[in-house]
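The next block holds one structure in the form of structure tokens; read it before the comments.
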Amino acid sequence: MTALLEIENLTKTFTMRSGMFGDTISLDALVDINLEVEKGETLAIVGESGCGKTTLGRCIVRALDPTSGRVSYRPEPGKTIELSSLPKRELKPWRQDIRMIFQDPMSSLNPYLRVFDLVAEPLRIHKIARGAELEQRVISTLEKVGIPRDALQRFPHAFSGGQRQRIGIARALILDPKLVIADEAVSALDVSIQAQILNLLEDLKADFGLTYIFISHDLGVVNYIADRVVVMYLGHVVESAPTEALFERPRHPYTEVLLEALPIADPTRRKGQRAELQGEIPFLGNRPQGCPFHTRCKYAQDRCRSEKPALRPVNGTAQQAACHFAETLELTGAYDAPQRAIA
Amino acid sequence: MATIDTQNLTKPVAQPKTGNFALSGRESQFAMTWRRFKQHQLALVSLWIVVAFYIVALLAEFFAPFDPGDYNPRYTYAPPQGIEFVFVEEDGSWTWGPYVNGYKTEIDPQAMRRVFTIDEEVRHPLGLFVESEPYMLFGIIPMTHKLFGTIEPRAPLYVIGADRLGRDQLSRLIHGTRISLSIGLVGVVLSLIFGVIIGGFSGYYGGWFDSAVQRTIEFIRSLPTIPLWLGLAAALPQDWSALQNYFAITVILSLLGWTELARVVRGRFLALRTEDFVTAAQLDGASDYRVIVRHMVPSFMSHIIAATTLAIPGMILAETALSFLGLGLQAPIVSWGTLLQEAQNIRTLASAPWLLAPGVVVVVAILAMNFLGDGLRDAADPYGK
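Chains D and A supply the protein sequences, listed in that same order.
Throughout, the working numbering is defined as the position within the first sequence, counted from one, plus 302.
Throughout, the working numbering is defined as the position within the second sequence, counted from one, plus 10.
See below:
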């Protein structure tokens, strides 16, 4: 099976300048990312704030231009579109296929457009439908996400956060996309609404035959929705594994720390020796030598400080980790802890 | 806000079968803005004042009883007559209808000067749409009637007094309104064009262009305005006609005026550029033009409207100041500034305080425009209270 989306050696460097004549500092937000997204899967990208997961999403849709590397999209077998090098104008047809759902439904909907116009906008831009056909498509898409037709003439501020996110989803889906990038799509919502939206996303995935890249910092949500998880730290992919395997037995110390941070819904178990992450996430402009995580890793050895580990399969399985000791470390997963309420 | 929202929510939404949703949406947004604007009493009153000002300016020839150049040496510095509506006859009966009193001339034996006093004995009845010397409205439409005037053709009519050449102050003020208000409008339109284009590019694309524009704006704004205007105005060729002069002054004013609008526009672009809904539109594949016009401009329309309305008074004040100093518009042209120039002399002021009337008009017009601008800004903001 060939991947729907393939990311090779993707690097994004921001240059920052202090003052008008100051020195420039380069910040490597993404370093040499390699990823494949298979058709029909839900790939989650997790990591703490500043790890580059949003930058990755934005580089894929070319909201940001990657510094180097390739993003290739395969709409059908044997046809490869290199998204990362297309001029913006030639990118336009592929924007129908790859759509984005934003984190904050308050700010991602134009406050001056009514729901109808918001959802119709992509169709109008791509000149796909007009008149009665346009109306039909908008209404049916909105009905699929659970927005009643009598809401068409309202402005976004008349809706609750969950409803707005539904409108955002309708906007993404109206172009019949193949790949949807959901950037923290539920993290601005409260837990009961999160569950509704996640279920909606699951249903729509089946209906439309979608592939998701689900960017999140919430492992509970990820465990619920994802088929495969990619863990990012400081612009690197540190672990990539099927969801079950990753939650069962993480292979990278950073993943372990993330899993330990999951809230436990059982008070008797709460007072444990929970290994908290020490230290701050290092400044991107001054990243550590060797393994990017060694400054905060409790298993760090001398080797970690000098030699940067590559992402490699662990014991020949589908689980990949970028740790020198991936095979030997005994890391704790999350399944021995009670599940979060959401699942 | 609360009342508006509930109205909006409970209002049954019509389902046009093939109707254009976009169009009906826009109409209604205008209606919402208007409804909010109406709640702002001061702004509403100001709106009517401003509208009245512009109607007067537009139809200046019709409203002014005389041509601004008509002089009459018999009535230099004639004091305001005041319009009376009721006259009590000697037998106690009342005569209705507006009239003005005539003037008596006395010679002040000490100053050896002619002094006018109102002569209660003489009455000149006034009428609406009285016949006048033929004149051209807008310079093209021949007209023979004025809005009001004395029914006897040659009677003196100086409702708010006369100036040193015996010209009717009211007529001059009305004609000056046309020049001053249009300078404000033309100047602001020019500023708006410069400001929106330069500020828009600056904010949307950023980078070195933004830095260059911002430094230029800072430089321009650091120049002391009055000496600069003076310099530019003094540099105008002497042999230019009054009309050329007028346009030159407008351009000079807007050369500095655009900076403020450019800053407002740039600031809004910067703030909006990173908004998710703008990114969303870009990811939809919308062209830069569509992103700007459809997604960004509506969000700062209210700011532009407010900044524009608030910039008009600045222009008017600048023109008034320049002309007052004798370097803006020149004598045959009548503007509020050139009229106030007549009131520069303290002795004239002491004997003919009505020459300050243009000052009062300036204050009223500018306050009204400021309130109107505030009201529009509040009304156009969907998140306003």
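Cβ coordinates follow ideal geometry from the N, Cα and C atoms, glycine included.
query: Alpha carbon to alpha carbon, what distance is there between residue 397 of chain D and residue 483 of chain D?
result: Looking up residue 483 of chain D in the first sequence gives position 181. Looking up residue 397 of chain D in the first sequence gives position 95. Taking the straight line joining both Cα atoms gives about 12 Å.
message: Output needed in chain order: residues of the segment 421-445 of chain D with a Cβ under 8 Å from some Cβ in chain A.
response: 422, 423, 424, 427, 428, 433, 434 and 437
message: Tell me which residues share the same chain as residue 626 of chain D and place their Cβ nearer than 8 Å to its Cβ, disregarding the 5 neighbours each side in the sequence.
response: One-based indexing of the first sequence puts residue 626 of chain D at position 324. Excluding positions up to five away in sequence, the list reads 593, 603, 605, 606, 609 and 611.
- prompt: What does DSSP give as the partner residues of residue 104 of chain A in its beta bridges?
  reply: Indexing the second sequence from 1 puts residue 104 of chain A at position 94. Beta-bridge partners assigned by DSSP to residue 104 of chain A: A:98.
Strand pairing of residue 199 of chain A, partner residues [DSSP]: Reading the second sequence from its first residue, position 189 is the one you call residue 199 of chain A. In the DSSP output, where bridge partners are listed per residue, residue 199 of chain A has none listed.
- prompt: From residue 102 of chain A to residue 96 of chain A, what does the alpha carbon distance come to, in whole angstroms?
  reply: Within the second sequence, residue 102 of chain A is the residue found at index 92, counting from 1. Within the second sequence, residue 96 of chain A is the residue found at index 86, counting from 1. Approximately 12 Å between the Cα atoms of the pair.
Residue 488 of chain D, buried or exposed, once every other Cβ within 10 Å from all chains shown has been counted against 16: As a first step, residue 488 of chain D must be located in the first sequence, where it is residue number 186. It counts as buried.
field: Collapsed DSSP secondary structure at residue 41 of chain A in the structure displayed
entry: Along the second sequence, one-based indexing puts residue 41 of chain A at 31. In this structure, residue 41 of chain A counts as helix in the three-state DSSP scheme.
query: CB-CB under 6 Å to residue 276 of chain A, same chain, minus the five flanking residues each way: which ones, in chain order?
result: Counted from its first residue, the second sequence places residue 276 of chain A at position 266. For residue 276 of chain A, where only same-chain residues beyond five positions count, the Cβ hits under 6 Å are 209, 212 and 213.
message: If we require 3 or more residues per run, which beta strand (DSSP E) segments fall completely within the segment 300-346 of chain A?
response: Runs found: none.
query: How long is the line joining the alpha carbons of residue 266 of chain A and residue 260 of chain A, rounded to whole angstroms?
result: Within the second sequence, the letter at position 256 stands for residue 266 of chain A. Within the second sequence, the letter at position 250 stands for residue 260 of chain A. Rounded to the nearest angstrom, the two C-alpha atoms are 10 Å apart.
field: Any chain A beta carbon closer than 8 Å to residue 411 of chain D
entry: The residue you call residue 411 of chain D lines up with position 109 of the first sequence. Any Cβ of chain A closer than 8 Å to the Cβ of residue 411 of chain D would place that residue at the interface, and such an atom is present.
message: If distances are taken between C-alpha atoms only, which option among A:120, A:148 and A:162 comes closest to residue 109 of chain A?
response: Taking the first residue of the second sequence as 1, we reach residue 109 of chain A at position 99. Comparing Cα-Cα distances from residue 109 of chain A to each of A:120, A:148 and A:162, the minimum goes to A:162.
Amino acids of chain D, ordered along the chain, whose beta-carbon sits closer than 7 Å to that of residue 305 of chain A: Counted from its first residue, the second sequence places residue 305 of chain A at position 295. Ordered by position in chain D, the residues that pass the 7 Å Cβ test against residue 305 of chain A are 412.
- prompt: Within this structure, are the beta carbons of residue 190 of chain A and residue 326 of chain A separated by less than 8 Å?
  reply: Along the second sequence, read from residue 1 onward, the residue named residue 190 of chain A stands at position 180. Along the second sequence, read from residue 1 onward, the residue named residue 326 of chain A stands at position 316. In this structure, residue 326 of chain A lies closer than 8 Å to residue 190 of chain A by Cβ.
message: Just to check my reading of the structure: residue 177 of chain A and residue 81 of chain A have Cβ atoms closer than 8 Å, yes? What is that Cβ distance to the nearest angstrom?
response: Position 167 of the second sequence holds residue 177 of chain A. Position 71 of the second sequence holds residue 81 of chain A. That pair is a contact at about 5 Å.
- prompt: Just reading off the alpha helix (DSSP H) that residue 380 of chain A is part of, what are its end residues?
  reply: What you label residue 380 of chain A is simply residue 370 of the second sequence in a count that begins at 1. It spans 367-390 - the alpha helix (DSSP H) in which residue 380 of chain A sits, taken as one unbroken run.
query: With C-beta atoms as the reference, is residue 557 of chain D less than 8 Å away from residue 533 of chain D?
result: Your numbering for residue 557 of chain D matches position 255 in the first sequence. Your numbering for residue 533 of chain D matches position 231 in the first sequence. Cβ distance < 8 Å, so residue 557 of chain D and residue 533 of chain D count as in contact.
- prompt: Applying the criterion that 16 or more other CB atoms from any shown protein chain within 10 Å of the CB defines a buried residue, is residue 253 of chain A buried or exposed?
  reply: The residue you call residue 253 of chain A lines up with position 243 of the second sequence. It counts as exposed.
- request: Kindly list the residues whose CB is nearer than 8 Å to the CB of residue 288 of chain A, restricted to its own chain and excluding five residues on each side of it in sequence; keep chain order.
  value: By one-based count along the second sequence, residue 288 of chain A stands at place 278. Correct list, in chain order: 282, 301, 305 and 306.
Chain-ordered neighbours of residue 224 of chain A on chain D, where CB pairs are closer than 7 Å: Within the second sequence, residue 224 of chain A is the residue found at index 214, counting from 1. Residues of chain D passing the Cβ test: none, with the nearest at roughly 11 Å.
- request: Less than 8 Å between the CB atoms is what I'm expecting for residue 527 of chain D and residue 344 of chain D, so what's the real figure, rounded?
  value: Within the first sequence, residue 527 of chain D is the residue found at index 225, counting from 1. Within the first sequence, residue 344 of chain D is the residue found at index 42, counting from 1. Contact flag correct, Cβ pair sits at about 6 Å.
query: Does the beta-carbon of residue 499 of chain D have 16 or more other beta-carbons within 10 angstroms, so that it is buried, or is it exposed?
result: The residue given as residue 499 of chain D occupies position 197 in the first sequence. Under this definition residue 499 of chain D is a buried residue.
Neighbour list for residue 292 of chain A in chain D, Cβ cutoff strictly below 8 Å: On the second sequence, residue 292 of chain A is found 282 positions in, with the first residue counted as 1. Those are 365, listed as they occur along chain D.
query: What separation, rounded to the nearest whole angstrom, lies between the Cα atoms of residue 78 of chain A and residue 187 of chain A?
result: Walking along the second sequence from the start, residue 78 of chain A turns up at place 68. Walking along the second sequence from the start, residue 187 of chain A turns up at place 177. Computed Cα separation, rounded: 12 Å.
query: So, is residue 645 of chain D buried or exposed, given that buried needs 16 or more other C-beta atoms within 10 angstroms?
result: Translated into the one-based positions of the first sequence, residue 645 of chain D becomes position 343. Its pLDDT being 40, under 50, residue 645 of chain D is placed unreliably by the model, and the measurement read from it follows with that caveat. Per the 10 Å Cβ criterion, exposed.
- prompt: CA-CA distance, residue 650 of chain D and residue 375 of chain D?
  reply: Look at the range of chain D in this structure, 303 to 645, and you will see that residue 650 of chain D is not part of it.
- prompt: Any C-beta of chain A sitting closer than 8 Å to the C-beta of residue 406 of chain D?
  reply: Counting from one through the first sequence, the residue named residue 406 of chain D turns up at place 104. Yes, because at least one Cβ of chain A sits closer than 8 Å to the Cβ of residue 406 of chain D.
Integer-rounded CB distance, given that residue 553 of chain D should sit under 8 Å from residue 616 of chain D: As a working mapping, residue 616 of chain D is identified with position 314 in the first sequence. As a working mapping, residue 553 of chain D is identified with position 251 in the first sequence. Correct: roughly 5 Å between the Cβ atoms.
- prompt: Name the DSSP beta bridge partners of residue 160 of chain A, please?
  reply: Here the question's residue 160 of chain A lines up with position 150 in the second sequence. When beta bridges are read from the DSSP output, residue 160 of chain A appears opposite A:136.
message: Please list the terminal residues of the continuous alpha helix (DSSP H) segment that includes residue 556 of chain D.
response: Your numbering for residue 556 of chain D matches position 254 in the first sequence. Per DSSP, residue 556 of chain D belongs to the alpha helix (DSSP H) from 555-562.
- prompt: Of the residues that make up the segment 181-208 of chain A, which ones have a beta carbon closer than 9 Å to any beta carbon in chain D?
  reply: none
message: Less than 7 Å between C-beta atoms, sequence neighbours within five positions excluded: which residues of the same chain meet that for residue 255 of chain A?
response: As a first step, residue 255 of chain A must be located in the second sequence, where it is residue number 245. The beta carbon of residue 255 of chain A sits closer than 7 Å to those of 246, 339 and 340, all from its chain and outside the five residues before and after it, given in chain order.
message: Residues of the segment 210-242 of chain A in Cβ contact with chain D at a cutoff of 7 Å, in chain order, please.
response: none
message: Tell me whether residue 399 of chain D, by its Cβ, gets closer than 7 Å to a heavy atom of the ligand ZN.
response: The model on display carries no ligand, and the ligand ZN is accordingly not part of it.
- request: Identify every residue that forms a DSSP beta bridge with residue 346 of chain D.
  value: Residue 346 of chain D sits at position 44 when you count from the first residue of the first sequence. In DSSP, residue 346 of chain D forms a bridge with D:516 and D:531.
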